[in-house]
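Take 0 as the starting number for the sequence shown in numbering that gives the first Met the number 0 and just add one per residue.
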Amino acid sequence: MRFEQGDRVRIHIPDETDPDFEYHWVQEEIAEVVEDDADKYTGDSDDRFIYRVEFDTGQQKDFRWRSLRPISESC
Numbered sequence: 000m001r002f003e004q005g006d007r008v009r010i011h012i013p014d015e016t017d018p019d020f021e022y023h024w025v026q027e028e029i030a031e032v033v034e035d036d037a038d039k040y041t042g043d044s045d046d047r048f049i050y051r052v053e054f055d056t057g058q059q060k061d062f063r064w065r066s067l068r069p070i071s072e073s074c
């Protein structure tokens, strides 16, 4: 697991055609970590974790590790 509940992260979705591009560069906190079986399909054990990010508005959105960076890491 790359992140834990309570970690502050920066959302990193640089592809302007991605439907979630609107979240690019937003900094928020991980509200919950959920597991699924995506790793069985991708072969990457980190893919079994879904990071649920909560925004100031109360809205929550799920991201995989590839779309998140630690706040301290520049992108």
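Each residue gets a CB set at the ideal place from its N, CA and C atoms; glycine is no exception.
None of these values were measured; they are calculated from a predicted model.
Check whether I49 and V8 have beta carbons under 9 Å apart: The residue given as residue 49 occupies position 50 in the sequence shown. The residue given as residue 8 occupies position 9 in the sequence shown. No. Outside cutoff.
Residues bridged to I10 (per DSSP): For the purposes of this step, residue 10 is identified with residue 11 of the sequence shown, where counting begins at 1. In the DSSP output, where bridge partners are listed per residue, I10 has L67.
Nearest to E27 (by Cα), restricted to the options D55, W64, R63, E15: Counting from one through the sequence shown, the residue named residue 27 turns up at place 28. When only C-alpha atoms are compared, the closest one is D55.
Cut-off 7 Å between Cβ atoms - residues of its own chain near R47, not counting five sequence neighbours on either side: In the sequence shown, the residue the question calls residue 47 occupies position 48. Excluding sequence neighbours, R47 sits near E34, D35, D36, A37, D38.
Burial state of F62 (16 or more Cβ within 10 Å): By 1-based counting over the sequence shown, the position of residue 62 is 63. The residue in question, F62, is buried, as its Cβ has 16 or more Cβ neighbours within 10 Å.
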